[in-house]
Amino acid sequence: MTVEFISGININPSNELNRLRLPAIDVPFLKRYARTLDEGGFDYTLVPYHSSYQDPFTLASAITQFTERLKPIVALRPNTIYPTVAAKQLATLDQLSGGRAVVHFIAGGDDSEQAREGDRLSKTERYARQAEYIDILRRVWTSTTPFDHAGTYYSFEDFVSVVRPVNGTIPVSVGGSSQDAYRVGGAQADIFGLWGEPLKETKEQIDAVAEQARLAGREDTPRIWVTFRPIIAPTDELAWEKAHRILGVLQGNNGVAHAAFRSTGQREPANVGSQRLLRVARDGDLHDRALWTPTASATNATGASTALVGTPETVAAAILDYVDLGAELISIRGYDNFNDVVDYGRYIIPLVREELAHRETTGRRGEVVREDAGLDRLAAPAVTSRSGPPDEQGLSVAGAGQLGQQVAS
8 MTVEFISGIN INPSNELNRL RLPAIDVPFL KRYARTLDEG GFDYTLVPYH
58 SSYQDPFTLA SAITQFTERL KPIVALRPNT IYPTVAAKQL ATLDQLSGGR
108 AVVHFIAGGD DSEQAREGDR LSKTERYARQ AEYIDILRRV WTSTTPFDHA
158 GTYYSFEDFV SVVRPVNGTI PVSVGGSSQD AYRVGGAQAD IFGLWGEPLK
208 ETKEQIDAVA EQARLAGRED TPRIWVTFRP IIAPTDELAW EKAHRILGVL
258 QGNNGVAHAA FRSTGQREPA NVGSQRLLRV ARDGDLHDRA LWTPTASATN
308 ATGASTALVG TPETVAAAIL DYVDLGAELI SIRGYDNFND VVDYGRYIIP
358 LVREELAHRE TTGRRGEVVR EDAGLDRLAA PAVTSRSGPP DEQGLSVAGA
408 GQLGQQVAS
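Going by our numbering, the sequence shown opens with residue 8, and the numbers climb by one from there.
1) By the three-class DSSP mapping on this structure, what secondary structure does E11 have?
2) Look up H294 in the DSSP assignment and say whether it is helix, strand or coil.
3) Thinking just about the alpha-carbon of each residue, which of A135, T321, A308 is nearest to the one in A246?
4) Roughly how many angstroms separate the alpha carbons of G183 and D197, rounded to a whole number?
5) Alpha carbon to alpha carbon, how far is M8 from T369?
6) Which residue marks the beginning of the alpha helix (DSSP H) containing L24, and which one marks its end?
7) Could you give the distance in angstroms between the alpha-carbon of V256 and the alpha-carbon of I238?
8) Who are W299's beta bridge partners in DSSP?
9) For the alpha helix (DSSP H) holding A250, just list the boundary residues, first then last.
10) Enumerate in chain order the residues of its own chain whose CB-to-CB distance from G158 is below 6 Å, with the five nearest sequence positions on each side excluded.
11) Between which residues of its own chain and P63 is the CB-CB distance below 6 Å, once the five residues before and five after are set aside?
12) How about N278 and D126: are their beta carbons less than 8 Å apart?
13) How many Å lie between E226 and L293 at the Cα?
14) Please classify D331 as buried or exposed, where buried requires at least 16 other C-beta atoms within 10 Å of its C-beta.
15) Helix, strand or coil for T52 per DSSP?
16) Let me confirm a value: T222 is counted as buried when at least 16 other C-beta atoms fall within 10 Å, else exposed. Which label applies?
17) Could you check whether G48 and G291 sit closer than 8 Å to each other, using their CB atoms as the reference points?
18) Note down the Cα distance separating A67 from D383, rounded to an integer number of angstroms.
19) Taking 8 Å as the cut-off, decide whether the C-beta atoms of F199 and V179 are in contact.
20) May I ask you to report which of helix, strand or coil DSSP gives D118?
21) Put L128 into one of helix, strand or coil per three-state DSSP.
22) If you pair each beta-carbon of the segment 92-100 with each one of the segment 166-176, do three or more pairs fall below 8 Å?
23) Just the Cα atoms here: how many angstroms apart are A308 and Q186?
24) Please list, in chain order, all residues of the same chain as A201 whose beta carbon is under 6 Å from its beta carbon, the five residues on each side excluded.
25) Starting from P79, trace the beta strand (DSSP E) both ways and give me its first and last residue.
26) Which two residues bound the contiguous beta strand (DSSP E) that contains T234?
27) Work out the CA separation of K210 and A220 for me, nearest whole Å.
28) Helix or strand or just coil, what does DSSP make of G381?
29) Could you check whether D295 and N22 sit closer than 8 Å to each other, using their CB atoms as the reference points?
30) Using the beta-carbon count (16 or more within 10 Å), is L5 buried or exposed?
31) Considering only residues of the same chain and omitting the five flanking positions on each side of G406, which have a CB-CB separation below 6 Å?
32) Residues in the same chain with beta-carbon distance under 7 Å from P388, minus the five sequence neighbours each way, listed in chain order, please.
33) Between L358 and the rest of its own chain, which residues show a CB-CB distance below 8 Å, the 5 nearest in sequence each way excluded?
So this is what it looks like as structure tokens:
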């Protein structure tokens, strides 16, 4: 199986640990970050969307000019751009990048965030609109003569585009954890995105997407994309120390145990994916080989927020567990963004690829990445009291990608 790696783009040095909260694009940093992803073996980078963020199409265009092979995944909310316009924008990006454009659809899981840009449809309606939108995009990319469209959400006449994707079409990604997401993604997506849940629950979601593909009459199924936040160090013990320091920063309360944070009465998020992560977190801190959930609790599961904790070998083995379930795209995004990207490219991506290549060549498993890596740990160590707050200027490494140079608390 071919496995590809995804990350997320960063436009400046701000991250969840240093909490700089810089709003502007730092062009030299963006260029360096994109090139580090390109050179580190990442295949894709997600360019996110939020009502307050920079335009993802413009950022994606810039990224393609800084890199040779990295594919930008443009996050797109259907309420923000008319589909005929988006089809041309994506095809233009695809031509500009030599066929590297990908689009990831966000139906919208938060009514308040959707309303900030005038979208007041129900969640079910948003998914129905998304399905219509995808159909229009694909017809725009393939039609050579003018056509009309009279749908529930969009209507136009006599439209044709001369802007063609390099390879005839552009990969379409859909994400989510609701039945509506499974239905639309299973029927129409080339890629289906999931957040990192335990293996059992992930398998159930993969099966649900495959069933919807079957019901839609497809002979194939979407490629599965699963997202994690790895925390790595030279030993498992150092990785767990680092994980708890990161947790303390995420909580913002000098490292008080995450159980206390759970009882603060936060409003439960509206989207099903976040609800599922919080439910998994309530079931326990550590799942399977290395999946750690307190980071989801600490952030109210805002976005992909479950970690994989351990040595590079332990984390690589955990990733391979998901590959064995059928995941073909793995997203790994850290908390100390730039340094983590360097470390992932040095220590995780090569291990996973070498193990898969070894399996393909020899038919044997576990000789590059041990099959028992990390399995001797039945529970993560408890949070220990500390004399002061965690260092907020970056907990993963002292310098760019120097794995193991831990910052003392």
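All C-beta atoms, glycine included, are put in the ideal place defined by N, C-alpha and C.
Short version:
1) The residue you call residue 11 lines up with position 4 of the sequence shown. Note: E11 maps to strand in three-state DSSP.
2) As a working mapping, residue 294 is identified with position 287 in the sequence shown. Of the three classes helix, strand and coil, the one that applies to H294 here is strand, per DSSP.
3) Against the sequence shown, residue 246 aligns to sequence position 239. Out of A135, T321, A308, T321 has the C-alpha closest to the C-alpha of A246.
4) Numbered from 1 along the sequence shown, position 176 holds the residue referred to as residue 183. Numbered from 1 along the sequence shown, position 190 holds the residue referred to as residue 197. Distance between the alpha carbons of G183 and D197 is about 14 Å.
5) Taking the sequence shown and counting its residues from 1, the one referred to as residue 8 is at position 1. Taking the sequence shown and counting its residues from 1, the one referred to as residue 369 is at position 362. M8 and T369: Cα-Cα distance of roughly 14 Å.
6) The residue given as residue 24 occupies position 17 in the sequence shown. Careful: L24 lies outside any alpha helix (DSSP H) and carries neither H nor E.
7) Within the sequence shown, numbered from 1, the residue matching residue 256 stands at position 249. Within the sequence shown, numbered from 1, the residue matching residue 238 stands at position 231. When rounded, the distance between both Cα atoms is 14 Å.
8) The residue given as residue 299 occupies position 292 in the sequence shown. Looking at the DSSP assignment, W299 forms a beta bridge with L293, A314.
9) Working through the sequence shown from its first residue, we reach residue 250 at position 243. Segment 243-258, the alpha helix (DSSP H) holding A250.
10) Working through the sequence shown from its first residue, we reach residue 158 at position 151. Contacts found: E139.
11) As a working note, residue 63 is residue 56 in the sequence shown. So the qualifying residues of the chain are V54, Y56, V81, A82.
12) Counting from 1 along the sequence shown, the entry for residue 278 is found at position 271. Counting from 1 along the sequence shown, the entry for residue 126 is found at position 119. Cβ distance not < 8 Å, so N278 and D126 don't count as in contact.
13) Counting from one through the sequence shown, the residue named residue 226 turns up at place 219. Counting from one through the sequence shown, the residue named residue 293 turns up at place 286. Distance between the alpha carbons of E226 and L293: 37 Å.
14) The residue you call residue 331 lines up with position 324 of the sequence shown. Label assigned to D331: exposed.
15) The residue labelled residue 52 in the question sits at position 45 within the sequence shown. Here T52 sits in strand by DSSP.
16) The residue given as residue 222 occupies position 215 in the sequence shown. The displayed chain sequence assigns Leu, not Thr, to residue 222. The residue in question, L222, is exposed, as its Cβ has fewer than 16 Cβ neighbours within 10 Å.
17) The residue you call residue 291 lines up with position 284 of the sequence shown. The residue you call residue 48 lines up with position 41 of the sequence shown. Contact flag unset, no.
18) What you label residue 67 is simply residue 60 of the sequence shown in a count that begins at 1. What you label residue 383 is simply residue 376 of the sequence shown in a count that begins at 1. One C-alpha to the other measures close to 42 Å.
19) For the purposes of this step, residue 199 is taken as residue 192 along the sequence shown, with counting starting at 1. For the purposes of this step, residue 179 is taken as residue 172 along the sequence shown, with counting starting at 1. The answer is no: Cβ separation not under 8 Å.
20) One-based indexing of the sequence shown puts residue 118 at position 111. Of the three classes helix, strand and coil, the one that applies to D118 here is helix, per DSSP.
21) By one-based count along the sequence shown, residue 128 stands at place 121. Three-state DSSP puts L128 in coil, outside helix and strand.
22) yes
23) For the purposes of this step, residue 308 is identified with residue 301 of the sequence shown, where counting begins at 1. For the purposes of this step, residue 186 is identified with residue 179 of the sequence shown, where counting begins at 1. Distance between the alpha carbons of A308 and Q186 is about 19 Å.
24) As a first step, residue 201 is located in the sequence shown; it is residue number 194 there, counting from the start. Looking at the sequence shown, residue 201 is not Ala but Leu. The answer, listed in chain order, is Q212, V233.
25) Translated into positions along the sequence shown, residue 79 becomes position 72. Its beta strand (DSSP E) spans residues 78-83.
26) For the purposes of this step, residue 234 is taken as residue 227 along the sequence shown, with counting starting at 1. Segment 230-239, the beta strand (DSSP E) holding T234.
27) Taking the first residue of the sequence shown as position 1, residue 220 is located at position 213. Taking the first residue of the sequence shown as position 1, residue 210 is located at position 203. Each residue's Cα considered, the two are about 15 Å apart.
28) As a first step, residue 381 must be located in the sequence shown, where it is residue number 374. Of the three classes helix, strand and coil, the one that applies to G381 here is coil, per DSSP.
29) Here residue 22 refers to the residue found at position 15 of the sequence shown. Here residue 295 refers to the residue found at position 288 of the sequence shown. Not in contact: N22 and D295 (Cβ atoms no closer than 8 Å).
30) Because residue 5 is not part of the residues shown, which for the chain are 8 to 416, the question remains open.
31) In the sequence shown, residue 406 corresponds to position 399, counting from 1. Confidence at G406 is low in this model, with a pLDDT of 40, below 50, so its placement is unreliable and the value that follows should be read with caution. Once the five neighbours on either side are set aside, G406 has no close Cβ partner at all.
32) The count along the sequence shown starts at 1 and reaches residue 388 at position 381. In this prediction, P388 scores a pLDDT of 47, lower than 50, which makes its location untrustworthy; the coordinate-derived value is nonetheless stated afterwards. Here the set comprises W247.
33) By 1-based counting over the sequence shown, the position of residue 358 is 351. Within the same chain, L358 has close Cβ partners P319, E320, A323, V375, V376.
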